[in-house]
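**Student:** Dropping the structure in here first, questions after.
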Amino acid sequence: MTTYVQMFSEGGKDQKDLLGGKGANLAEMTRLGLPVPPGFTITTDACRWYMTHGAPPEELEAQVDAAMATVETGLGRRFGDPENPLLVAVRSGAKMSMPGMMETVLNVGLNDRTVEGLAAVSGSPRFAVDSYRRLLQMFGRTVLDIDAALFEHVLDEARAAKGVRSDTELDEADLRAVVARFQEIIREQTGHEFPQDPREQLRASIRAVFDSWNGPRAVVYRNTERIPHDLGTAVNICSMVFGNLDDRSASGVAFTRDPATGAPGVYGDFLVNAQGEDVVAGIRNTRSLPELQQLMPEVYDELMAIMARLERHYRDLCDIEFTVESGRLWMLQTRVGKRTAEAAFRIAATLVDEAVIDEDEALTRVTGAQLSRLMFPRFATGGDRELLARGMDASPGAAVGRIAFTSADVLELQRRGEDAILVRRETNPDDLDGMLAAVGILTSRGGRTSHAAVVARGLGRTAVCGVEEFEVDEAAGEIRRGGEVVARAGDVLSIDGSTGEVFRGSVPVEPSAVVRSLLGDGDGDTDADDPLVQAVHRMLEVADRRRHLRVRANADTPEDAARARALGAEGIGLVRTEHMFLGERRHLVEDLVLAADADERQRALSALLPLQREDFLGILRAMDGRHVTVRLLDPPLHEFLPDLTELSVKLARQEAEGVERDAHEQKMLQAVRALHEQNPMLGLRGVRLALTIPGLYGMQTRAILEAAAQLREQGLDPQVEIMIPLVSSVRELREITPEIRAVQEEVAQRTGQDLDTHIGTMIELPRAALRADEIAEEADFFSFGTNDLTQTTWGFSRDDVEAGFFFTYRDRGILLTSPFESIDQFGVGELVRIGAERGRSTRAELSLGVCGEHGGDPASIAFFHHVGLDYVSCSPFRVPVARLEAGRAALLEKEFELQH
Ligand code: PEP
Ligand code: MG
């Protein structure tokens, strides 16, 4: 018989797959002897069974009964006992934390009789009735699927009738009336009475938690967080302790370090006489942890000791939920806490200083995605900017956007290509769509542990919470202060999640301190003292020591090359030469295309030569001493010529107007027509161009080598490589390399500089990957062009796919992310692996790199490490991210698994 139930006292923190994160950690705390209310966990196995069979496994009920009996014996209270009832919380808890995305039902076990027992034993009838009211409301909404607004409305009316603003001001009689009304709502909406049998309540609540795994919010969240849909959730049944029993009771959330900045020192919020849900919901404004020290010094000391112990035990930032019931502390949850990118780096570095972890482990605790967040721009200081208000710095970053009061409005702005700031009193899990699509989030209620703050940090969105001076009137589409309108829907706001400041209008942004210091052009002193900047440098140093992959940059100009070098690039993996043919040089390309014979063509090429040479001089100088891979011209020639339709219209108009038609333009029209292609991306590009326009690659080679020779004469050390694009067959290379080699020899002889330049090829077509063994006979190196390789492997047009059906594919789960963003490891990646293997079977020392966009993508970098490439090449600003990820890939290689 399968065991689907495990007591808290039986499990441990390494059982997250089976018990979910919350269950595993409750078990761990129980084992450590911390004060955890007794309870048990229903495993994810049971949920997976439920999902496949539509019903729980048969043995579950008896196992739950047995576990309940154990809890009852331990506590000396019975479930459903009218005298002294045991109540339980039924909480979801998946392997990965999904804050607020699934359901919870509290106070299960209350009914018309037990509520009186609770009133008697607690000595507080008001509390007992309020607890019953909460159960009816949660059960009604979650289990019975009744519109939450119906219940809220009753409470609104009760408050209005009494002329009070908060639920805490309703007395026992008021709440008894609310309870009666809630029971009516349940009867009206479902045709049944609220179940009085506690066992039935429990069964139904467990099912509701299972069902919530596939609720719309949870599904959206898993899609964005790339959490597999088949894991299922565990269900934790925990005996209730009450933070809302009296004024010696409280509920709170705390962190062992600041999860926003990573600064040392505990940090948290609590509410007296409240349940945990009230703290995270952001409905009442919370008090900060130091106040607890004054109110309940003994509880505070115990809590501090427990938090210190948890951090030592988990060797990381922990967050916890606690409840104080009449002066007694209970731990309801702990886990290794979510944190911002800034906090991740600072905490990793600090834990090394505190000798809790070593540098390698620290590196595994930060990610390239976090580093790229730290490289986002910040608001510029100075200048005139109107500070509108100040709230809590809930999730760092600088966001500028238009005010939207609902998710629908955020999405509408997004559709129009505008950035939105979602402004709400408080957020709840239904706002997830809007939070995802917004650049920033602002709430008027709630603290740094509110739903808005926690979710924003998880998603990497900028957030300012608890701007109390704002009255957010979502219905009127206004923000007011003291009754006066300060902003309306659609107005632009700038919010700083690192300071909590809210500005009117659009505040200019500037590079982050991290970027300034990486580029070495910041305010040296201030930046060097910044603990975040120090932590980033430190993690990058560790990564540089550990990584096997080298990191180059894609750069086409001397400025980009210099920037890439400052950011740590060890060379250039791709110089695209196409922009060198644009702008004022366009007419030279036109001459080349219109050349009637070899002489004219040669003249056109000769005119381009000195200009190209200048271009290469700048880049090679900026990257002196490091490899620079120059790719010869790739895109179809017609991209450099006038547009076919425009030119046709112009000439037709001239004809209609009886003007004499321009002979040059007429010739051009013929050429453009001749070169026109239906699928230019699959047409006359790359090496195909070189084979149709003799002398083109020769001219480029000459420009490159003459530039290199000139620099050599100046005592520099240019390390240039020449790369041929869009090759599918070794025969193409055999045809074109003699032209290149001939120029090479000639330049060497003329200048006396033997540059010994490597000539390699891009592998960016499936055929090239498959025939890599042959191709390696003619190529000194390979660089995988994963942009074209993705396009041609999937048959997706890279320029159109992300605007077209991609979203349909993502919504249907065919693709989780765009294959142009993160390498398709099983398809395109397989071709890279084959290409690498076959290439090296011919030439063991063959240098292998990648220069498609994937070279800067964290998941792809781990894959390229795994298949044994020598380097990745990415855009300059991704270079630090790639260095970090390459280091992580080396440390985490044993854990590598192919990912869809
Ligand atoms: C590629 O195809 O991956 C590549 C780097 O070349 P381009 O993007 O210029 O086609
Ligand atoms: Mg390409």
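Residue 733 in my numbering is what sits at position 426 of the sequence shown, and the numbering runs on without skipping anything.
For every residue, glycine included, the Cβ atom is placed at its ideal position computed from N, Cα and C.
Along the chain, where does the beta strand (DSSP E) containing Val485 start, and where does it finish?
**Tutor:** The sequence position of residue 485 within the sequence shown is 178, counting from 1. Where Val485 is concerned, there is no enclosing beta strand (DSSP E), although the alpha helix (DSSP H) it sits in stretches over 479 to 497.
**Student:** Compute the distance between the beta-carbons of Val415 and Ser512, then report whether it is under 8 Å.
**Tutor:** The count along the sequence shown starts at 1 and reaches residue 415 at position 108. The count along the sequence shown starts at 1 and reaches residue 512 at position 205. Yes, the pair counts as a contact, with Cβ atoms nearer than the cut-off.
**Student:** To the nearest angstrom, how far is the alpha carbon of Asp554 from that of Asn580?
**Tutor:** The residue given as residue 554 occupies position 247 in the sequence shown. The residue given as residue 580 occupies position 273 in the sequence shown. Cα to Cα, the separation comes out at about 5 Å.
**Student:** Determine, using beta carbons only, whether Val966 comes closer than 8 Å to chain E.
**Tutor:** Of the protein chains in the structure, only one exists, and it is not chain E.
**Student:** Are the beta-carbon atoms belonging to Ile534 and Met336 less than 8 Å from one another?
**Tutor:** Position 227 of the sequence shown holds residue 534. Position 29 of the sequence shown holds residue 336. No, these two residues do not count as a Cβ contact at 8 Å.
**Student:** Would you list the residues sitting across from Asp693 in a DSSP beta bridge?
**Tutor:** Here residue 693 corresponds to residue number 386 of the sequence shown, with the count starting at 1. Contrary to the premise, residue 693 reads as Glu rather than Asp in this sequence. Answer is Arg811.
**Student:** Does the region 358 to 378 touch the region 564 to 580, meaning 3 or more C-beta pairs lie closer than 8 Å?
**Tutor:** No, the region 564 to 580 is not in contact with the region 358 to 378.
**Student:** Would the beta-carbon of Leu881 be found less than 7 Å away from any heavy atom of the ligand PEP?
**Tutor:** Indexing the sequence shown from 1 puts residue 881 at position 574. Within the cutoff, so yes.
**Student:** Run the proximity test for Asp941: is its beta-carbon closer than 7 Å to any non-hydrogen atom belonging to the ligand PEP?
**Tutor:** As a first step, residue 941 must be located in the sequence shown, where it is residue number 634. For the ligand PEP, at least one heavy atom lies less than 7 Å from the Cβ of Asp941.
**Student:** Taking 7 Å as the line, does the beta carbon of Gly1102 fall inside it for any heavy atom of the ligand PEP?
**Tutor:** For the purposes of this step, residue 1102 is taken as residue 795 along the sequence shown, with counting starting at 1. Gly1102: no, Cβ never under 7 Å from the ligand PEP.
**Student:** Measuring straight from C-alpha to C-alpha, what distance separates Ala959 and Glu891?
**Tutor:** Taking the sequence shown and counting its residues from 1, one reaches residue 959 at position 652. Taking the sequence shown and counting its residues from 1, one reaches residue 891 at position 584. Approximately 26 Å, taken between the alpha carbons.
**Student:** Specify the secondary structure class of Asp626 as computed by DSSP and reduced to three states.
**Tutor:** For this step, residue 626 is matched to residue 319 along the sequence shown. Note: Asp626 maps to strand in three-state DSSP.
**Student:** Any idea what DSSP makes of Glu776, helix, strand or coil?
**Tutor:** Here residue 776 refers to the residue found at position 469 when the sequence shown is read from its first residue. Three-state DSSP puts Glu776 in coil, outside helix and strand.
**Student:** Measure the C-alpha to C-alpha separation of Tyr810 and Leu1199 and round it to an integer number of angstroms.
**Tutor:** Here residue 810 is taken as the residue at index 503 of the sequence shown, counted from 1. Here residue 1199 is taken as the residue at index 892 of the sequence shown, counted from 1. The residue you asked about is not Tyr; residue 810 is Phe in the sequence shown. Taking the straight line joining both Cα atoms gives about 43 Å.
**Student:** Give the secondary structure of Asp665 by DSSP, where H, G and I count as helix, E and B as strand, and everything else as coil.
**Tutor:** As a position in the sequence shown, residue 665 is number 358, starting the count at 1. Coil, per DSSP.
**Student:** Quick check: is any heavy atom of the ligand PEP less than 7 Å from the C-beta of Asn1094?
**Tutor:** Stepping through the sequence shown from its first residue, residue 1094 is reached at position 787. Yes, the ligand PEP has a heavy atom inside 7 Å of this Cβ.
**Student:** My output table needs one value for Ser556: the three-state DSSP class, helix, strand or coil.
**Tutor:** Looking up residue 556 in the sequence shown gives position 249. Correct three-state label for Ser556: coil.
**Student:** If you measure between the beta carbons of Gly583 and Thr630, is that distance less than 8 Å?
**Tutor:** Stepping through the sequence shown from its first residue, residue 583 is reached at position 276. Stepping through the sequence shown from its first residue, residue 630 is reached at position 323. Against a cut-off of 8 Å, the Cβ pair of Thr630 and Gly583 comes out as a contact.
**Student:** Could you compute how far the alpha carbon of Trp1252 sits from the alpha carbon of Arg514?
**Tutor:** Any property of residue 1252 remains undetermined from this structure, which presents the chain solely from 308 to 1207.
**Student:** Within a Cβ cutoff of 6 Å, which residues of the same chain sit near Glu1052, ignoring the five residues on either side of it in sequence?
**Tutor:** Here residue 1052 refers to the residue found at position 745 when the sequence shown is read from its first residue. Within the same chain, Glu1052 has no close Cβ partners at all.
**Student:** Are there any heavy atoms of the ligand MG lying less than 7 Å away from the beta-carbon of Met988, as far as the coordinates show?
**Tutor:** As a working note, residue 988 is residue 681 in the sequence shown. Checking the Cβ of Met988 against the ligand MG gives no.
**Student:** Taking three-plus beta-carbon pairs below 8 Å as touching, is the region 1084 to 1094 in contact with the region 1151 to 1166?
**Tutor:** Touching, yes, given that three or more Cβ pairs across the two stretches are closer than 8 Å.
**Student:** Measure the CB-CB distance between Val858 and Val840 and report whether it falls below 8 Å.
**Tutor:** Position 551 of the sequence shown holds residue 858. Position 533 of the sequence shown holds residue 840. In this structure, Val840 does not lie closer than 8 Å to Val858 by Cβ.
**Student:** Compare the Cα-Cα distances from Ser556 to each of Leu538, Ser633, Glu1046 and report the closest residue.
**Tutor:** For the purposes of this step, residue 556 is identified with residue 249 of the sequence shown, where counting begins at 1. Taking only the C-alpha atoms, the option nearest Ser556 is Ser633.
**Student:** When you compare only the Cα positions, how much space is there between Ala541 and Gly318?
**Tutor:** As a working mapping, residue 541 is identified with position 234 in the sequence shown. As a working mapping, residue 318 is identified with position 11 in the sequence shown. Cα-Cα distance, rounded: 13 Å.
**Student:** Does the beta-carbon of Glu1071, which I'm using as the reference point, lie nearer than 7 Å to any heavy atom of the ligand PEP?
**Tutor:** The count along the sequence shown starts at 1 and reaches residue 1071 at position 764. Because some heavy atom of the ligand PEP lies under 7 Å away, the Cβ of Glu1071 counts as near it: yes.
**Student:** Looking at the structure shown, is Cys1158 part of a helix, part of a strand, or coil, going by DSSP?
**Tutor:** Mapped onto the sequence shown, residue 1158 falls at position 851. Of the three classes helix, strand and coil, the one that applies to Cys1158 here is coil, per DSSP.
**Student:** Is the distance from the Cβ of Thr1115 to the Cβ of Arg1105 below 8 Å?
**Tutor:** Working through the sequence shown from its first residue, we reach residue 1115 at position 808. Working through the sequence shown from its first residue, we reach residue 1105 at position 798. It is not a contact, given that the beta carbons lie outside the stated cut-off.
**Student:** What are the boundary residues of the alpha helix (DSSP H) that Arg995 is part of?
**Tutor:** The sequence position of residue 995 within the sequence shown is 688, counting from 1. Start and end: 993 to 999.
**Student:** Are the region 942 to 954 and the region 904 to 923 in contact at 8 Å, needing three or more beta carbon pairs?
**Tutor:** Because the criterion of three Cβ pairs below 8 Å is not met, the region 942 to 954 and the region 904 to 923 do not touch.
**Student:** Compare the beta carbon distance of Ile802 and Val761 with 8 Å and say whether it is the shorter of the two.
**Tutor:** Locating residue 802 in the sequence shown gives position 495, where the first residue counts as 1. Locating residue 761 in the sequence shown gives position 454, where the first residue counts as 1. No, the Cβ-Cβ distance between Ile802 and Val761 is not below 8 Å.
**Student:** Could you compute how far the alpha carbon of Ile1082 sits from the alpha carbon of Ala1151?
**Tutor:** Taking the first residue of the sequence shown as position 1, residue 1082 is located at position 775. Taking the first residue of the sequence shown as position 1, residue 1151 is located at position 844. Cα-Cα distance, rounded: 13 Å.
**Student:** Could you tell me whether any non-hydrogen atom of the ligand PEP is closer than 7 Å to the CB of Cys1158?
**Tutor:** Indexing the sequence shown from 1 puts residue 1158 at position 851. At least one heavy atom of the ligand PEP is nearer than 7 Å to the Cβ of Cys1158, so yes.
**Student:** State the Cα-Cα distance for the pair Ile1047 and Tyr1004, rounded to the nearest angstrom.
**Tutor:** Taking the sequence shown and counting its residues from 1, the one referred to as residue 1047 is at position 740. Taking the sequence shown and counting its residues from 1, the one referred to as residue 1004 is at position 697. If I take the Cα positions, the gap works out to 7 Å.
**Student:** Is the beta carbon of Val994 sitting closer than 8 Å to the one on Leu948?
**Tutor:** Taking the sequence shown and counting its residues from 1, the one referred to as residue 994 is at position 687. Taking the sequence shown and counting its residues from 1, the one referred to as residue 948 is at position 641. Not a contact, by the Cβ cut-off of 8 Å.
**Student:** Please report the residue range of the beta strand (DSSP E) in which Leu639 lies.
**Tutor:** Here the question's residue 639 lines up with position 332 in the sequence shown. It spans 635 to 643 - the beta strand (DSSP E) in which Leu639 sits, taken as one unbroken run.
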